[in-house]
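Residue numbers (my numbering): 108 to 245. Glycine included, each C-beta is placed from N, C-alpha and C at the ideal position.
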């Protein structure tokens, strides 16, 4: 995700409602682009279809995100936190985050199991085998 690392693909699934997906994806884009050290843009639909990128299909609108920060772990935590906050605005919002072969679905109402899955996802994509933060040591 940094210094030439894999950009993150962010897809907002809406059950086939293309107009709603576009509206929500643009709203997520607007929320994320306000953050310093975070670069976000729209995937080119033709490029995505041709490259066979995982996570987006024909007619889907998706974002890519990358950071200019030197440390991947804190940057990924910031991005995940921003996505969680955006999803929390409506309980039915979901974002599928894909990095390489790893993906996670973040929902507007996460439970403890999803929180653990998010921490495991972050550990996989940043190559960290340790706990997500010092707050976990209780």
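With 16 other Cβ atoms within 10 Å as the buried cut-off, status of residue i
| i | result |
| --- | --- |
| residue 117 | buried |
| residue 168 | buried |
| residue 147 | buried |
| residue 233 | buried |
| residue 200 | buried |
| residue 149 | exposed |
| residue 182 | buried |
Nearest neighbour of residue i, chosen from the options [CA to CA]
| i | options | result |
| --- | --- | --- |
| residue 132 | 170, 189, 230 | 170 |
| residue 215 | 203, 197, 224 | 197 |
| residue 192 | 122, 213, 219 | 213 |
| residue 187 | 150, 142, 149, 130 | 142 |
| residue 145 | 174, 225, 124, 217 | 174 |
| residue 185 | 119, 121, 114, 139 | 139 |
| residue 134 | 194, 181, 225, 122 | 194 |
| residue 122 | 151, 207, 203 | 203 |
Counterpart residues of residue i in DSSP-defined beta bridges
| i | result |
| --- | --- |
| residue 148 | 171 |
| residue 116 | 171, 205 |
| residue 214 | 201 |
Cβ-Cβ separation, residue j to residue i (assumed contact under 8 Å), whole Å
| i | j | result |
| --- | --- | --- |
| residue 209 | residue 231 | 5 Å |
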